[in-house]
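Residue 1 is where the sequence shown starts when you use full-length UniProt numbering, and the numbers rise one by one after that.
Contents: one structure, followed by commentary.
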Amino acid sequence: MKAVIKNLAEAVGGHYHCYSSKGEKVMTQFEWYDGTVKNIHVDVPVLYNYQKLLAKMVRIYEKRIDWLSVASRRIWGSVCERRVVVLVDISVTNSTYISHIQDYLRLLLEEQMSNKDYFNIIAWVLGLECKGSRNFMSALRRAVEVDFKDKDKHKSQGLYLLTTGIPDQETHTISAYVAEACRGLDLQLHVCLFSVTEGTDSSGIIPARYASPRETAIAFKEIVQAANGRFHWFGEAGIFESDDITSIISEMEKAKNYSQKVLKDVKDSHCAERNTPVRVLAWRPPSAKAGIPPDALVQTEFFQGVVKHLHFQPKELETYTEQLEKVLQRYIQRVQWLLSGSRRLFGTILEANVCVLIDTSGSMGPYLPPVTKELTSLIWEQLRKNEARFNLLRFAENTESWKENLVEATDESCHDAVQWASTCHAHGNSCILAALQYPVFPYFEGDDLKKLTEEVAKARSFLKQAKSWR
Numbered sequence: 001m002k003a004v005i006k007n008l009a010e011a012v013g014g015h016y017h018c019y020s021s022k023g024e025k026v027m028t029q030f031e032w033y034d035g036t037v038k039n040i041h042v043d044v045p046v047l048y049n050y051q052k053l054l055a056k057m058v059r060i061y062e063k064r065i066d067w068l069s070v071a072s073r074r075i076w077g078s079v080c081e082r083r084v085v086v087l088v089d090i091s092v093t094n095s096t097y098i099s100h101i102q103d104y105l106r107l108l109l110e111e112q113m114s115n116k117d118y119f120n121i122i123a124w125v126l127g128l129e130c131k132g133s134r135n136f137m138s139a140l141r142r143a144v145e146v147d148f149k150d151k152d153k154h155k156s157q158g159l160y161l162l163t164t165g166i167p168d169q170e171t172h173t174i175s176a177y178v179a180e181a182c183r184g185l186d187l188q189l190h191v192c193l194f195s196v197t198e199g200t201d202s203s204g205i206i207p208a209r210y211a212s213p214r215e216t217a218i219a220f221k222e223i224v225q226a227a228n229g230r231f232h233w234f235g236e237a238g239i240f241e242s243d244d245i246t247s248i249i250s251e252m253e254k255a256k257n258y259s260q261k262v263l264k265d266v267k268d269s270h271c272a273e274r275n276t277p278v279r280v281l282a283w284r285p286p287s288a289k290a291g292i293p294p295d296a297l298v299q300t301e302f303f304q305g306v307v308k309h310l311h312f313q314p315k316e317l318e319t320y321t322e323q324l325e326k327v328l329q330r331y332i333q334r335v336q337w338l339l340s341g342s343r344r345l346f347g348t349i350l351e352a353n354v355c356v357l358i359d360t361s362g363s364m365g366p367y368l369p370p371v372t373k374e375l376t377s378l379i380w381e382q383l384r385k386n387e388a389r390f391n392l393l394r395f396a397e398n399t400e401s402w403k404e405n406l407v408e409a410t411d412e413s414c415h416d417a418v419q420w421a422s423t424c425h426a427h428g429n430s431c432i433l434a435a436l437q438y439p440v441f442p443y444f445e446g447d448d449l450k451k452l453t454e455e456v457a458k459a460r461s462f463l464k465q466a467k468s469w470r
């Protein structure tokens, strides 16, 4: 209403003035959960009750995360469909973990399968024997074309894959198949990725495809997204990533943001002076929740100033520290390289067409010999090596070029350029404008060292943070 009245006033050339006494309710704009902006009354007692309700909902969400983090839900997530098919990875690389897989299936059958209309497991449970590779596509086709052959006649259908590694087939091939199989149907594919401890595989079997745990997770996320499913990544230490828990944490973040908005609106409407207590909902993403070790979730500032919560396992943190130290060493080597040869004076010449302007005015008298020496190094070390097209200009009161145009950096032209540069002598005044107004050539501004110094500082900061998290 306030916006409508304001528009009317502007349409007739009038003025708009909004007045409210201290005891009246105040209308304020508030961004709704769906992104729309609504006008609401700021009533402190109502807002206080709203704050309490938000806090109550956060506690319920925390209990829900606890519930999702125990028993079979820690492994499979919440199996909510009425018709379920479970695909179990029994490739030969899982022979060491067969007892774990049997326990996981037993928990699933005991806790989450009793209320299903239909279910099947594509593997043998008691006499489970590991063999072959991860031919995921074959098992997937069997489930879709046999178990769910009448999938278009039913609702609430789900495929659950328990695996420890990346499939034999390419990710895009599987994604295309599941997207086609699930299109227009109430059928989803969910992935439960069991991240095993490195170094515990005694079989010595090399899988058909190899990927790191992070690369495997990324691949399965892409497959799950194509099938409108959920991704669940866990290990012996707890849950590493779960779409179920992530969505709940997102709701908790929204509750926190709404609490902050409420307090802001109260202050903006001058209601904070009243005695009714209004507090911002205090909440931080849980570390002990979801089976995540308390010391594994840390808050850090990213390179763009964004603060994020990172989940590190001790082994991952050790690897991260080692990688940072390697990066820092590379940066130091790069700095040393930039400070050697012609790069110390001219930086790194990256362009294919280069023009070098040399100040030969009287003030350059003491510096011209070393500059000429470095220029010789530049010609042979960078311009000749990179086969750049180049030209030289010297300027004082007048401007003189070595050649009429840019020339190729050949042995002959480089010798000629070095000889021409050796004839430079300091004299007269400096006329930079005339040199710059010469026929335009590519211009290089070398700030490599400055940028690299900033990167070294960032790397050292991250390294210091990583060591403090241990």
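Even for Gly, the Cβ is constructed at its ideal location relative to N, Cα and C.
By the 10 Å Cβ neighbour count, where 16 or more other Cβ atoms means buried, how is Asp-244 classified, buried or exposed? To locate residue 244, count along the sequence shown from 1; it is residue 244. Buried.
Going by C-alpha distance, which of Glu-236, Ala-227, Phe-240 is nearest Ala-217? Mapped onto the sequence shown, residue 217 falls at position 217. The shortest C-alpha separation from Ala-217 is found at Phe-240.
Within its chain, find whatever has a CB closer than 6 Å to the CB of His-232; leave out the 5 residues flanking it on each side and keep chain order. Position 232 of the sequence shown, counted from the start, is the residue given in the question as residue 232. The residues are Gly-77, Cys-192, Ser-242.
Applying the criterion that 16 or more other CB atoms from any shown protein chain within 10 Å of the CB defines a buried residue, is His-190 buried or exposed? Residue numbering aside, residue 190 sits at position 190 when the sequence shown is read from its first letter. The residue in question, His-190, is buried, as its Cβ has 16 or more Cβ neighbours within 10 Å.
Under the rule that 16 or more other beta-carbon atoms within 10 Å means buried, what is Arg-230, buried or exposed? Position 230 of the sequence shown, counted from the start, is the residue given in the question as residue 230. Classification of Arg-230: buried, given that the 10 Å Cβ count is 16 or more.
Sort Val-224, Asp-147, Ala-421, Glu-351 by Cα distance to Glu-387 and report the nearest one. For the purposes of this step, residue 387 is identified with residue 387 of the sequence shown, where counting begins at 1. It is Glu-351.
Nearest-angstrom Cα distance between Ser-363 and Leu-345? Here the question's residue 363 lines up with position 363 in the sequence shown. Here the question's residue 345 lines up with position 345 in the sequence shown. One C-alpha to the other measures close to 18 Å.
Counted within 10 angstroms of its Cβ, other Cβ atoms place residue 471 as buried (16 or more) or exposed: The chain is shown from 1 up to 470; residue 471 falls before or after that span and cannot be answered.
If you measure between the beta carbons of residue 486 and Ala-143, is that distance less than 8 Å? As shown, the chain starts at 1 and ends at 470. That puts residue 486 outside it, with no answer to give.
My output table needs one value for Tyr-331: the three-state DSSP class, helix, strand or coil. Within the sequence shown, numbered from 1, the residue matching residue 331 stands at position 331. Tyr-331: helix per DSSP, three-state reduction.
How about Ser-340 and Ala-396: are their beta carbons less than 8 Å apart? Along the sequence shown, read from residue 1 onward, the residue named residue 340 stands at position 340. Along the sequence shown, read from residue 1 onward, the residue named residue 396 stands at position 396. No, the pair does not count as a contact, with Cβ atoms beyond the cut-off.
Three or more C-beta pairs closer than 8 Å, one from the region 323–330 and one from the region 367–379: is that the case here? no
Val-356, enclosing beta strand (DSSP E) - first and last residue: Taking the sequence shown and counting its residues from 1, one reaches residue 356 at position 356. That run of the beta strand (DSSP E) goes 353–359.
Examine the Cβ distances between the region 247–260 and the region 212–228 and report whether three or more of them are shorter than 8 Å. no
When you compare the CB positions of Tyr-104 and Leu-162, do they come within less than 8 Å of one another, or not? Along the sequence shown, read from residue 1 onward, the residue named residue 104 stands at position 104. Along the sequence shown, read from residue 1 onward, the residue named residue 162 stands at position 162. Yes, Cβ-Cβ distance for Tyr-104 and Leu-162 is below 8 Å.
Check Gln-169 in the structure and name its three-state DSSP category. Reading the sequence shown from its first residue, position 169 is the one you call residue 169. Residue state, collapsed to three classes: coil.
Identified DSSP bridge partners for Glu-408: For the purposes of this step, residue 408 is identified with residue 408 of the sequence shown, where counting begins at 1. Paired residues: Arg-389.
If you count every other CB in all the chains shown that lies within 10 Å of the CB of Glu-454, and 16 or more means buried, which is it? Working through the sequence shown from its first residue, we reach residue 454 at position 454. Answer is exposed; the Cβ neighbour count stays below 16.
Proximal residues to Ser-175 (C-beta, below 7 Å), its chain only, five neighbours per side dropped: By 1-based counting over the sequence shown, the position of residue 175 is 175. Excluding sequence neighbours, Ser-175 sits near Glu-222, Ile-223, Ala-226.
When the distance is taken between beta carbons, is Phe-136 closer than 8 Å to Asp-186? The count along the sequence shown starts at 1 and reaches residue 186 at position 186. The count along the sequence shown starts at 1 and reaches residue 136 at position 136. No, these two residues do not count as a Cβ contact at 8 Å.
Just grab the DSSP bridge partners of Asn-135 for me. Working through the sequence shown from its first residue, we reach residue 135 at position 135. The partner list for Asn-135 (beta bridge, DSSP) is empty, contrary to what the question assumes.
Taking C-beta to C-beta, are Gln-157 and Glu-62 nearer than 8 Å? Here residue 157 is taken as the residue at index 157 of the sequence shown, counted from 1. Here residue 62 is taken as the residue at index 62 of the sequence shown, counted from 1. Not in contact: Gln-157 and Glu-62 (Cβ atoms no closer than 8 Å).
Using DSSP's beta-bridge definition, name the partner residues of Glu-241. Taking the first residue of the sequence shown as 1, we reach residue 241 at position 241. Answer is Trp-233, bridged to Glu-241.
Given 8 Å as the limit, is there contact between the region 52–72 and the region 86–96, that is, 3 or more CB pairs closer than that? no
Using the DSSP secondary-structure output, state which residues sit across from Ala-189 in a beta bridge. Sequence index remark: in the sequence shown, residue 189 carries index 189 (1-based). Residue 189 is actually Leu in this sequence, not Ala. Its beta-bridge partners are Leu-159.
Secondary structure of Ile-90, DSSP reduced to three states: Your numbering for residue 90 matches position 90 in the sequence shown. Reduced to three states, the DSSP call for Ile-90 is coil.
Simplified DSSP state of Thr-399, which is helix, strand or coil: By one-based count along the sequence shown, residue 399 stands at place 399. In the structure shown, Thr-399 sits in a strand (DSSP, three-state: E or B).
Phe-119: first and last residue of the uninterrupted beta strand (DSSP E) it sits in: Locating residue 119 in the sequence shown gives position 119, where the first residue counts as 1. Taken as a continuous stretch (DSSP letters only), the beta strand (DSSP E) holding Phe-119 covers 118–122.
Can you give me the C-alpha to C-alpha distance between Ser-72 and Ser-195, rounded to a whole angstrom? Numbered from 1 along the sequence shown, position 72 holds the residue referred to as residue 72. Numbered from 1 along the sequence shown, position 195 holds the residue referred to as residue 195. Distance between the alpha carbons of Ser-72 and Ser-195: 16 Å.
Simplified DSSP assignment, three categories, for Val-144: Indexing the sequence shown from 1 puts residue 144 at position 144. In the structure shown, Val-144 sits in a helix (DSSP, three-state: H, G or I).
Confirm, please, whether the CB-CB distance from Cys-424 to Asn-391 is below 8 Å. Taking the sequence shown and counting its residues from 1, one reaches residue 391 at position 391. Taking the sequence shown and counting its residues from 1, one reaches residue 424 at position 424. Not in contact: Asn-391 and Cys-424 (Cβ atoms no closer than 8 Å).
Could you check what DSSP says for Glu-454 in three-state terms: helix, strand or coil? Taking the sequence shown and counting its residues from 1, one reaches residue 454 at position 454. Looking at Glu-454 - three-state DSSP - the assignment turns out to be helix.
Roughly how far, in whole angstroms, is the beta-carbon of Ile-349 from the beta-carbon of Leu-383, given that I think they are within contact range, below 8 Å? As a working note, residue 349 is residue 349 in the sequence shown. As a working note, residue 383 is residue 383 in the sequence shown. Going by Cβ atoms, the distance from Ile-349 to Leu-383 rounds to 7 Å, so yes, they are a contact pair.
Taking DSSP's pairing of strands, which residues face Glu-31 in a bridge? In the sequence shown, residue 31 corresponds to position 31, counting from 1. Bridge partners of Glu-31: Val-37.
Chain-order list of residues whose beta-carbon lies under 7 Å from that of Val-4 (same chain, five-residue window excluded): On the sequence shown, residue 4 is found 4 positions in, with the first residue counted as 1. With a pLDDT of 49 at Val-4, under the threshold of 50, the predicted position of this residue should be treated as unreliable, though the coordinate-derived value follows. None.
For Glu-253 and Glu-318, I'd like the C-alpha separation in whole angstroms. Residue numbering aside, residue 253 sits at position 253 when the sequence shown is read from its first letter. Residue numbering aside, residue 318 sits at position 318 when the sequence shown is read from its first letter. Their Cα atoms are separated by approximately 30 Å.
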